[in-house]
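Participant: Take a look at this one; I'll ask things after.
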Amino acid sequence: MTRVRLRWTGNRGVGTAGYTTYARDHEIAADGKPVIAGSSDPRFRGDATRWNPEELLLGAISACHQLWYLHLCADAGIVVTAYHDEADAVLTLDADGNGQVTEATLRPHVTIAAGGNAALAGTLHAEAQRRCFIARSVAFPVRHVAVIAVAAVCSG
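Quick note, the sequence shown lines up with residues 929 to 1084 if you use this note's numbering.
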């Protein structure tokens, strides 16, 4: 079981007396971990300096994929020396203001050690996709466009 605590910190003294009277600020916490400062997207009167739920969801998908990918590479004997992702998600808003995330795209950039099997490293993203708990839990497609680089052999 996973547990977190959420506390709204946006009461400006009059609570939710009106749509514009309160901040969307909140804190997400769990025992023994730093607090995450959250808000809503600025399009919904949120604070752009705080994490919004859509960013946290995309970050969770990206991190889950990375963790599975690293696991699979280690099992396959592929030495990953660097990994970063440039992920994005599409939030579609309906005419009534409701919305949903309709797709996410991960763009992992992976560097593997010299002599590593780049073709196999590329195929392991599909397996990581199948195993990622978060991607398996969402109702929208999660795509990945991976770049694999093989480190140069140093001769000395």
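All residues carry an ideal CB built from backbone N, CA and C; glycine is no exception. Given the structure is predicted, the values throughout are model-derived calculations rather than measurements.
At what residues does the beta strand (DSSP E) containing Y997 begin and finish?
Facilitator: Counting along the chain, Y997 falls outside any beta strand (DSSP E), though it belongs to the alpha helix (DSSP H) covering P981 to A1004.
Participant: Just verifying my parser: in three-state terms, what is the DSSP assignment at G1027?
Facilitator: The DSSP-derived three-state label of G1027 is strand.
Participant: Let me confirm a value: V1081 is counted as buried when at least 16 other C-beta atoms fall within 10 Å, else exposed. Which label applies?
Facilitator: exposed
Participant: For V942 and T949, which I take to be in contact (beta-carbon distance under 8 Å), what is that distance rounded to the nearest angstrom?
Facilitator: 5 Å
Participant: With three or more C-beta pairs closer than 8 Å as the rule, is the region 1045-1054 touching the region 975-985?
Facilitator: no
Participant: Nearest-angstrom Cα distance between D1003 and V1070?
Facilitator: 24 Å
Participant: Can you tell me the Cα-Cα spacing of V1008 and V1078, whole angstroms?
Facilitator: 9 Å
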